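Worksheet: the structure to be examined is printed underneath.
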């Protein structure tokens, strides 16, 4: 960064266009593409699930992605101050998104700690989740790797696979419930510290360091995904897995839950409504073609999700055939796929250590990008709120260290024996799709109606020299807020209390805590708007008008400059005519 007056530092830009593209790609292509989308596709109608998925891509995903990218590039501000400059009344949207990012930073990195733990054990001559002769195994343990036989349902119910026991008894040291927090798991704690150190040094110099790291972290997962895909396609039973993944069930489209899951998956996968895209785009130069970038990155994200499904379900099909059970018996989503099903499957392959190492390196790098970009988004947003204080030499590093330590001590409970239950609360409530849907409703309404979709179109045209398709204006004003609102209402109506492992029911106080986490980001939107309306001076109409007006210091588009010149010219002509008339009268 260059120095201004020897003190306050410039904000800076990406070193190259490629750094920006890789950073955004690394952010949006994350663990959800590998462990959530394929499972949703299989569970909710196979190929038929692609219909609601594509509907939400067109009506919500791509429009919101372009909207946030344009906001950041135009204002050159973070996730909060961009709203302050565009529409102060809606600044609560920025605060709500940053709070969700804070929650995600606290729990998401725990997944990376688990993956690092598995990666270390993947170098052992005998994979520990492939046998039942370890100290943590019970008498109910069954070795599915060495027993190539058909297992009846009764024996499955009365036994526990070795991979499950390794996950629950060795990695998590799982207690009986959230009431029993238990002891600290020191090995996982050390892995967590290691991941925080890595993330800190990926972000500590801002886009200068992040832009260099993403050349590896955003590209190497694709190499690993390709390797695992090729290996999966060569396994016996792979075709069965692909059929289960994509076999269409059109009747499932009548289920509202299918559409709700598709909508929330889009918001998660595209990383919209939280401000991270806005922050990354804010380091672009004004005339970067964000319209073209948006379309390319959205296409990359969805294609990656689709292809990842083949890498996952070919392996699950192989595992189902090896065990002689239906594929629904082995299909898992979330941590269950990454830390039970897939490790168990690779243990059945020749050279299992090789495939385990490839898989967990991919998981770590996919999650690492998302984690440190989320950290960058929060830190940048805070620095933009207090530039005079924080944008000075050495203060960014101190702020980042403070942020990392705050998250670390806040998540400390997640590496205890009862930590998995707390992790589930954060995942299910604090960072759930309902919160994102709520934010997306007001985000699209604000930009479509208060700031003005026409004005945003002019801004994008001025920055990119090309006018977006009219469908985007239609989405910002009507489709995106309407679809998001319907999904938000449906998610509230269809709400089911969180359970763990299909049997553990959380105590009432845990559900209250979960709802407080969820509401904490939601109430910021109306709360901030009401607070600003009450604190402003003047009549209600005057207050509303001031709070809905964009900052006058924002860059002017060519169209606005032409209008100003025309107005100035007309004013000058009127003055000349008036002066001439007065002189003639004299």
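Numbering (the UniProt record's numbering), first residue to last: 1 to 586.
The beta carbon of each residue, even a glycine, is placed where N, CA and C say it ideally should be.
As the structure is a prediction and not an experimental result, all values here were calculated from the model.
- Of the other Cβ atoms in all chains shown, 16 or more fall within 10 Å of the Cβ of residue 42; this residue is therefore buried.
- Remark: C-beta atoms of residue 504 and residue 177 approach each other more closely than 8 Å.
- The segment 16-36 makes contact with the segment 259-278; the number of CB pairs closer than 8 Å reaches 3 or more.
- Inter-segment contact for the segment 401-420 and the segment 438-446 is absent: fewer than three beta-carbon pairs are separated by less than 8 Å.
- Distances from the alpha-carbon of residue 54 to those of 264, 123, 122 put 264 closest.
- Around the beta-carbon of residue 566, fewer than 16 other beta-carbon atoms lie within 10 Å, marking it exposed.
- Inter-residue distance for residue 283 and residue 14 is about 6 Å (C-alpha atoms, whole angstroms).
- The alpha carbon of residue 438 has as its nearest neighbour, out of 213, 100, 355, the alpha carbon of 100.
- Note: residue 359 is not bridge-paired with any residue in the DSSP secondary-structure output.
- Taken through DSSP and simplified to helix, strand or coil, residue 80 comes out as coil.
- Of the residues 556, 379, 349, the one whose Cα lies closest to the Cα of residue 275 is 379.
- A check of alpha carbon separations from residue 355 across 228, 570, 529, 218 identifies 228 as the nearest.
- Straight across, the Cα-Cα distance linking residue 201 with residue 370 is about 15 Å.
- Listed in chain order, the alpha helix (DSSP H) runs fully inside the segment 188-268 are 207-217, 220-233, 238-246, counting runs of at least 4 residues.
- Annotation for residue 550: 86 place their beta carbon closer than 6 Å to its own, counting only its chain and skipping 5 residues before and after.
- The beta-carbon separation of residue 385 and residue 80, rounded to 6 Å, stays under the 8 Å limit for a contact.
- Contact between residue 117 and residue 187 holds, with the beta-carbon distance rounding to 6 Å and staying under 8 Å.
- Less than 8 Å separates the beta-carbon of residue 225 from that of residue 311.
- Spanning the alpha carbons of residue 231 and residue 358 requires a straight line of approximately 11 Å.
- By DSSP's assignment, residue 504 forms a beta bridge with 500.
- Distance from the CA of residue 12 to the CA of residue 209, rounded to the nearest whole angstrom, comes to 12 Å.
- Residue 554 and residue 448 have their C-alpha atoms roughly 18 Å apart.
- A distance below 8 Å separates the beta carbons of residue 318 and residue 241.
- For residue 323, the enclosing alpha helix (DSSP H) covers residues 290-323.
- Residue burial annotation: residue 170 is buried, with at least 16 other C-beta atoms found within 10 angstroms of its C-beta.
- When C-beta atoms of the segment 42-51 are compared with those of the segment 243-258, three or more pairs fall below 8 Å, so the two segments count as touching.
- When rounded, the separation of the alpha-carbon atoms in residue 7 and residue 398 is 16 Å.
- The beta carbon of residue 314 sits closer than 7 Å to those of 232, 233, 235, 238, 241, 242, all from its chain and outside the five residues before and after it, given in chain order.
- Residue 191 places its beta carbon 8 Å or farther from that of residue 165.
- A distance below 6 Å between beta-carbons, with the five flanking residues on each side excluded, links residue 330 to the following residues of its chain, in chain order: 316, 319, 320, 341.
- At least 8 Å separates the beta-carbon of residue 88 from that of residue 467.
- In this structure, residue 25 lies away from residue 295, with their beta-carbon atoms at least 8 Å apart.
- With a contact defined as Cβ atoms closer than 8 Å, residue 44 and residue 258 qualify at about 4 Å.
- Distance check between residue 160 and each of 501, 513, 247 places 501 closest, using alpha-carbon atoms only.
- Per DSSP, residue 536 is not a residue of any alpha helix (DSSP H), being assigned neither H nor E.
- Around residue 167, the same chain offers 339, 340 as residues with beta carbons nearer than 6 Å, after the five sequence neighbours per side are excluded.
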